[in-house]
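Below you'll find the structure, written out as structure tokens, and then a few comments.
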């Protein structure tokens with residue numbers, strides 16, 4: 045996989061990601077791909093806010109820190125991620141963790157002990 049050219053790598057992608065590369069990357073996406081390919085990989089991870097870049101085969105085995113709106117989440121690129129977008133691996137919302145009813149939620153909750 046590492047020996048293939050960029051064009052051969054694009055042909056492996058699903059239709060939606062392939063269309064992104066065929067129509068051309070915008071400036072921010074192209075800059076990220078250039079920086080990603082040129083980066084020395086003894087460093088920990090390449091940080092990016094660009095979540096809409098499809099993963100190519102030459103990204104495999106490297107680490108990317110993807111911004112989720114609050115912090116950077118480090119993700120190691122695996123072969124099964126090829127064709128998916130970077131943003132799919134850094135969730136922007138936390139799952140809701142419901143607890144007991146709050147004060148004023150119901151008539152019975154006024155008798156619950158307060159913290």
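Residue numbers (this note's numbering): 45 to 159. Just so it is clear, CB atoms sit at the ideal spot from N, CA and C, and this is done for glycine as well.
Shown here, residue 104 sits in coil according to DSSP, grouped into three states, outside any helix or strand. Listed in chain order, the non-local C-beta contacts of residue 116 below 6 Å within the same chain comprise 91 and 109, local neighbours out to five positions each way being set aside. Rounded to the nearest whole angstrom, the C-alpha separation of residue 107 and residue 84 is 11 Å. Your pair residue 93 and residue 111 checks out as a contact, with CB atoms roughly 5 Å apart and the cut at 8 Å.
In terms of CA proximity to residue 123, 99 leads the group 63, 134, 99 and 143. Scanning 135, 82 and 89 for the CA closest to the CA of residue 95 turns up 135.
CA-to-CA, the gap between residue 54 and residue 77 works out to about 13 Å.
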